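So the structure is just underneath, and the comments pick up after that.
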Amino acid sequence: MHSLIQLSIVVLLLPLLSFVILIFFNRRLPRRGDFVGVGILGTAFAISAYIFWTVIVQTYDPAFRVAWNFTWIDLGNVPGVGPLQIKMGVVIDNLTAIMLAMVNLISLLVHLYSTGYMAGDKNYGRYFAYLGIFTFSMLGIVLSDNLFSIYIFWELVGLSSYLLIGFFFEKDSAANAQKKAFLANRVGDIGMWLGILILYSQFHTFGFSEIYANLAAGKFTLSNAWLTASGILLFMGCVGKSAQFPLHIWLPDAMEGPTPVSALIHAATMVAAGVYFVARIFVLLTPDALHVIAFVGAFTAFMAATIAITQNDIKRVLAYSTVSQLGYMVLGLGVGAYSAALFHLVTHAFFKACLFLGSGAIIHAMHHEQDMRWMGGLRKHMPWTFATFTLATLALAGLPLTSGFMSKDAILAGALGFATVEGGGIYYLIPVLGFFSAMLTAFYMGRQIWLVFFGESRTHLKPADDHHADHHAHDSHAAHGDEHHEEHGVHEVSWNMRAPLVILATLSVFFVYSPDPLDGAKGWFMHMIQTPATVVGSASLEKPAALATAQQPLLAEAAVVGAGHAEKDVPESAAAEKGEEKGGHTFADPRQAEIAHATHGAHYTAIYISSIMVVLGISMALIVFVFKIIDPDKTAEAIRPLYLFSLNKWYWDEIYDATFIRGSVILSKVLSWFDTNIVDGLVNGVAVTVRKFAFANAGFDKYVVDGMVNFTAFSVNTTGAVLRKLQTGKVQTYVVMLIIAVFGYFVYYVTKLVY
Amino acid sequence: MLSLIVFLPIIAGLIILAVPSSQKQIIRIVSLLAAIAQGVLAVLLWRTYDPSMAGITAAAGGNPVGSFQFVEKLPWISLNLGGLGLFNIEYFLGVDGISITMVILTALISAIGVLSSWTIQKQVKGYFILYNLLATAMMGCFVALDFFLFYVFWELMLLPMYFLIGIWGGPNREYAAIKFFLYTLFGSVFMLLVMIGLYFSVLDPMTGNHTFSLVAMADQHNFIKDAILGPNNVMWRYIAFSVLFVGFAIKVPMFPFHTWLPDAHVEAPTPISVILAGVLLKLGTYGMLRINFPLFPEVFHAGMFVIGVFGAINIIYGAFCALAQQDLKKMVAYSSISHMGYVLLGLAAGNSEGMLGALYQMFNHGTITAMLFLLVGVIYDRAHTRQIDKFGGLSSYMPRYAAVVTIAWFASLGLPGLSGFISEAFVFVGAFSSVTTRYIAMVSVLGIVFGAAYLLWSLQRMFLGKRKADAAYDLEVGADGHEHIHFHDWKGKLDLDSRELVMLVPLAVITIFLGIYPMPIMGMLTTSINKLVQVLTPVVLTSMN
Amino acid sequence: MSNLTYTVIFYLFAAITVFSAGFVVFSRNVIYSAFSLLFTFFGAAALYVFLSADFIAVTQVVVYVGGILVLILFGVMFTNSIMQSKPKSDIINIVPGILLLAAIIGALLFTFYTSHSWMPSETTLQGSIVQRIGFETMSRYVLPFEMASILLLAALIGAAYLARFEKPGNNEH
Amino acid sequence: MEQLTTIGLNHYLTVSAFLLGFGLFAVMTRKNAIVILMGVELILNAANINFLAFSKFNGGMQGVMFALFVIVLAAAEAAIALAIVINVFKTFKTVDVSNIDSMKE
């Protein structure tokens, strides 16, 4: 067992340990045991940092991969299949290493931040326990080497997000939100599960590498439509977790959870898991599936951006921007800009976490005021927050010199290239939507910055009626008990909440990733993460049977090139890697190669357009909110329908509520009525008829059959009663009878005698 | 050994018979000891069981006891019918992979049931005597390998169940008890007919006369070609299969025959609900596996699709009905209908994954549903109502209870890491892998979502949010300044007391452990199941890919 | 003595017997009927003499008149207090009684006189039969004789037991 | 005329018939137990007359012996009967047989 594997397993299990300790003993530990959580996460981060160092920095090899697995369930000698085992395992490659480090880092920072933010909450200890189990399941997703365990951790992530969203479960809104989130995820999960089933029913294995090997060997006997279907179904899992278009509704509501949780789960890690998963299964996605993914991503990015413009809740704005950014990533994957998408995943994780933690600081300082309309002028009061928040905002908007700029424009370049390769037409919609939402992003982020930090404080403008409706719930009281009641001033947050902001802000500057602020492709990241060869290239679309023959030579030469290209040669990995990616910019799949080439061509165009868009957006924000040339309210009035449309989030909630939720509730009522009245009624009806017949039968028995018996008894009885009268008990009566009898006999005798 | 494990409760019942009925505590303790002893024996059985032996049918060489283990085989009833030959019924016990797990489950659930019967105050003596009788009958059903013996135990089960529901039940208990009794009797009558028919169409390869031995029956070679249920008599075989299937489906319960279940559950006292859902429902599917399918494999093969459809109906229909319930116990009852649907679906798949999932689901459903009913009982003891809307915000006031409920609820909705998930997953894997039931599986996956829906909804309405205006409990501010919950006439501990923890924690631990590492149970199943699948498929499965 | 006187005497005694018997039956007064019973017994005894059963006749007088009649009189006295003016015993359902009486007697007489003709043997009992009774008793009827004696003893004891008076103080029932 | 003058068997039988009839009548109709007893005696006498008459006219001794035993039995019977009557009287304070029906129903 490779040492890295052991380390990674330790990393995986540490947060679970923290969960177990805290869930059982948090009340017995001092400070409710928050130091346990922070400490354990610190250790975990240290180890994962070591892994990162070894994998990324020391063995600077794109094809690096070590794997280990064990038999989890042994089904014995299954008829029709032969010996069959279900394996569980761990795989470490570059992507895993990076994700490990990222997840642990953000989780650690959030733990640290929470010690300040959640201080004094009555379930303080349990909160850290939940953070622990979330981190555990997230790491599980990152590390697992097969679909089954990914599905397991996938659902566990759903569980922990359920627990954390509903942390303030006494608020009905929170309870609803957690239920909504879990169910939406479940819908995605069953799609993903069906996708897994399609693959399993073919290969009787869950492991990635086995599946890819079988696929490359053309063992997939169903029609190719099934393969596309499996791809899209698996993507549904991502749609659920990463809040893509049909199932995006849960993410904004999830903001009911504590703000650090929003930062950790609903900005940085969990929602990114979907993208990570699609990246893992990228190689078995057929071009059709990729097209679907690309369009879904583009649409989501655009829609979320339009909604984000008009939201007033600071966290909701960020939530929708998250959805939109995730749309970017999915779009990137769809167009085959694999590494760009993952790059954006990482960068976005950092700056969006920074933004959320910053907003958390603001909310904390504003005594749980979340509505931007009543903020403003915080620039002076909270300089640290202001600085970090602005930096992160620039990164999100995608201004040059920030990490966001590099990743986003890589994706857009990929989109352009994709469009050109696919031959224009409808496919140009994708880059167009991308650029447009880039502009919108710049606009609403500018709006947010202005509303929050500049201008004068508008706290007093807040109408008193809904003052602290439920924001001022128990936690605010508990959290900052009395010191707020004496001095109500806004103040900078304490160090343990400031430090994470600073760290995250630094991580959203370009030089962390690439020496060239304009081209992320020159950086280490894009080098380490490279687009894998898909085992179902366009060549294999027509006749999957020929896929094996079509694929083998390509793979072979790819392997050669990869081996030649790689700085450090890791034979085991090169051998283990069939369908997985190869070193260098060589692609086993001609289509990918084409797209990559076109992307290179489109690189600078993308930069220009996107920069223009961003500048456009920001200047619009300035025009509207700084120079007041256009009055936002008047504009809103002017385009009221559009404004409402955006403000009400395109009415998705209403639509779903009217169709699915109401529908299923009504259906359930109907069915249970059917059950009690029709099915059960039928049963009872049978029972009743049987009883009726039985009663009739019983009547016959009682009055006729039994009647005869009783009549006999009765007659005997009466005769007895009559005859009893003769038994007077007087001797003389008997004598009389005797004599009468004798005389009777005599008469008889005489008559006999005479005649 | 098996006889001991079967008849231990009866012995306890006899002892109780001697105890004066005023000595309630002694009575309880005696039956508890018996249950514990039974559990110990079951564990012993489990440890000494050899998972490499398949069972199911007679081994090669016509060994009459097959590769069963712990076999006990004595002539029981043997009378000479002259023309009809020798009529011999054997006392034939034995276990294989399919039954050993059920034996363990039964022992476990009976012990839990005794514990939860502690609160029964009415006619304790009679209650425990009937209870022990029931325990014996259930255990007997799972280990009997002679069809006649099986039938005897099967019928023996009805009587105590009827009285336990009919005397110790809720307000509408007579109706429910009668309904349960008639329904099951209806099924078993047909079973009797088929049993006789089988007897006259099967020959024991050893002795050459007719036999009731299921081991002999499970081997198609032992059938007389032209007998009433012989291979040549196709129509009658189909009819026999159908009526037998209906008989077992009533116990499961399968869709059109399920309506006795909610009534019985709602009316029955908590321990009886636990037994009913934990063990009795399994007898239906166990009977299918042990009797219905192996004896008529070709009919089963033809009927897979139909069974699968009914399974899917159970899953989704049950989930929807549960979604609409106001009574918590009724919701749980419908949820177990839905979960037994998974079992049917897995059986219908007819391949190892599906069967494995089905059997594992049988075990897990036993433990999980037992938990659910115990938890319902806990809240009912305190609040004297089960209306979901009468609660709310409980988790602030009863944290321990809320925690266990959360575990149980999530186990029931198939959360990974808890045992329910693995069984459902395997059911779907199997159902999807077989061409016959692929599309059914696709539809039934919806059951996962709706299962989550009704469970989470009830969880939210009862435990989250704040106290409802018309809640079944009051709030009062205690000495320490915190709010405390207060039930109107509940003297006992507010949160779970130690007895309830002793009942619930083992189940929870089992659920979690088997969710992480299922091999302890699955390991015993696999060999038998692979053998069973071979028996069930006359032709090699082409549906696998 | 002449045949005619014989006949007359017979009729006389027969009449005495029958009429006194009738009086026994029909008189309302128990005392009277008891005493007229005396005459009946005497008449019967006389008839026995006519039937040349002189020993029986003597026994009849001794036993009946000297024993039974005295017993009966004692019984009368025990049961009916003499002081009360006339100890009555009224007659129930007299009419059917009379009818049956007539019927029985009529039937018997009818039988005797019409339907049967007795054929007496040549040899009839002549002279005294005391010696022959002695022989018969000791030879042929010895067993009935002994039994009779035992019976008498039993009757004696039984009668004494039944009729004894309990002392006042321990009253049965 | 010859019938009347020469005394034959029938005359005795007639007498006994009358006695029997009267005895039966007494047993039937009188309420006083003692009178009934007298009736019984009459019946016995009638029987005796019969026995003796028959034995006279066929010259056998059986009738005579039987009559002798009848008398003996009659004595015993009378004694027992009277004792019973007296007991009855002690119990019921009456000898009216129509009232002595405690065993009735």
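Chains as they are written, first to last, in the numbering used here: chain C, 2 to 756; chain F, 337 to 881; chain V, 3 to 175; chain P, 155 to 259. Quick reminder that beta carbons are idealized off the backbone N, C-alpha and C, glycines included. Predicted model only: the values in this text are computed from it and were never measured.
Run down chain V in chain order and give the residues with a C-beta less than 9 angstroms from the C-beta of C:V737.
N95, P98, G99 and L102
Segment limits, beta strand (DSSP E) that includes C:D62
Segment: none, C:D62 is in no beta strand (DSSP E) and carries neither H nor E.
Can you list, in chain order, the residues of its chain whose CB lies under 8 angstroms from that of C:A350, leaving out five sequence neighbours each side?
M103, I107, A268, A269, T270 and A273
Of the choices F:S672, F:A805 and F:L350, whose alpha-carbon is the least far from that of F:F656?
F:S672
Between which two residues does the alpha helix (DSSP H) carrying F:V431 extend?
Counting along the chain, F:V431 falls outside any alpha helix (DSSP H), though it belongs to the beta strand (DSSP E) covering L422 to V431.
Cutoff 8 angstroms: C:D658 Cβ touching any chain F Cβ
no
Supposed close pair C:A439, C:S611 - CB separation, criterion 8 angstroms
5 angstroms
For C:M738, which option in V:S123, V:S22, V:F57 and V:P98 has the closest C-alpha, if you only look at C-alpha atoms?
V:P98
Skipping 5 residues on each side, what residues in its chain have a beta carbon closer than 7 angstroms to that of C:V671?
none
Go through its chain and collect everything with a Cβ distance to F:N569's Cβ below 6 angstroms, but skip five positions before and after it.
none
Less than 8 angstroms between C-beta atoms, sequence neighbours within five positions excluded: which residues of the same chain meet that for C:Q203?
N215, K220, F221, T222 and L223
Mind listing the chain V neighbours of P:I161? Cutoff is C-beta to C-beta under 8 angstroms, in chain order.
Y8, T9, F12 and F52
Chain C residues whose Cβ lies nearer than 7 angstroms to that of V:A109:
F744 and F747
I need the straight-line Cα distance from F:M676 to F:Y790, nearest angstrom please.
17 angstroms
From the beta carbon of P:N241, is the nearest beta carbon of chain V less than 8 angstroms away?
yes
Whole angstroms is fine: what's the gap from C:E171's alpha carbon to C:W155's?
27 angstroms
Thinking C-beta only, is C:G232 closer than 8 angstroms to C:L286?
yes
For F:I347, tell me which candidate among F:I363, F:S357 and F:V439 has the shortest Cα-Cα distance.
F:I363
Nearest candidate by alpha-carbon position, reference F:I392, set F:I704, F:V479 and F:V538:
F:V479
Please confirm whether F:Q796 has its beta-carbon closer than 8 angstroms to some beta-carbon of chain C.
yes
Roughly how many angstroms separate the alpha carbons of C:L548 and F:I445, rounded to a whole number?
Below a pLDDT of 50, predicted positions are generally treated as unreliable, and C:L548, at 38, falls in that range; no measurement from the model is reported.
Taking the Cβ atom as the reference point for each residue, do F:M707 and F:A744 lie within a distance shorter than 8 angstroms?
yes
Excluding the five sequence neighbours on either side, which residues of its own chain have a C-beta within less than 7 angstroms of the C-beta of C:E558, listed in chain order?
Only weak support is given to the placement of C:E558: the predicted model assigns it a pLDDT of 42, under 50, and the question is left unresolved by the model.
Can you give me the C-alpha to C-alpha distance between C:Y125 and C:F65, rounded to a whole angstrom?
41 angstroms
In angstroms, rounded to a whole number, what distance separates the CA positions of C:L184 and F:L369?
45 angstroms
Terminal residues of the beta strand (DSSP E) in which F:V813 lies
Y809 to V813
On a CA-only basis, which of V:V144, V:F25 and V:A55 is nearest V:F41? Give me that one, please.
V:F25
Using DSSP's beta-bridge definition, name the partner residues of F:Q405.
F:V431
V:Q62: contacting residues in chain P (beta-carbon distance under 7 angstroms):
I225
Where does F:E603 land, buried or exposed, given buried means 16+ other C-beta within 10 angstroms?
buried
For C:G90, the first and last residue of its enclosing beta strand (DSSP E):
G83 to D94
On the three-state DSSP scale, how would you describe C:V561?
Caution applies to C:V561, whose pLDDT of 40 falls short of 50 and renders its modelled position unreliable; the value that the coordinates give is listed next. Correct three-state label for C:V561: helix.
Cut-off 7 angstroms between Cβ atoms - residues of its own chain near F:R774, not counting five sequence neighbours on either side
F768
On a CA-only basis, which of F:P752, F:W454, F:S403 and F:I413 is nearest F:I365? Give me that one, please.
F:W454
Would you decide whether C:H365 is buried or exposed? Buried here means 16 or more other CB atoms lie within 10 Å of its CB.
buried
What are the residues that DSSP puts in a beta bridge with F:H822?
F:D810
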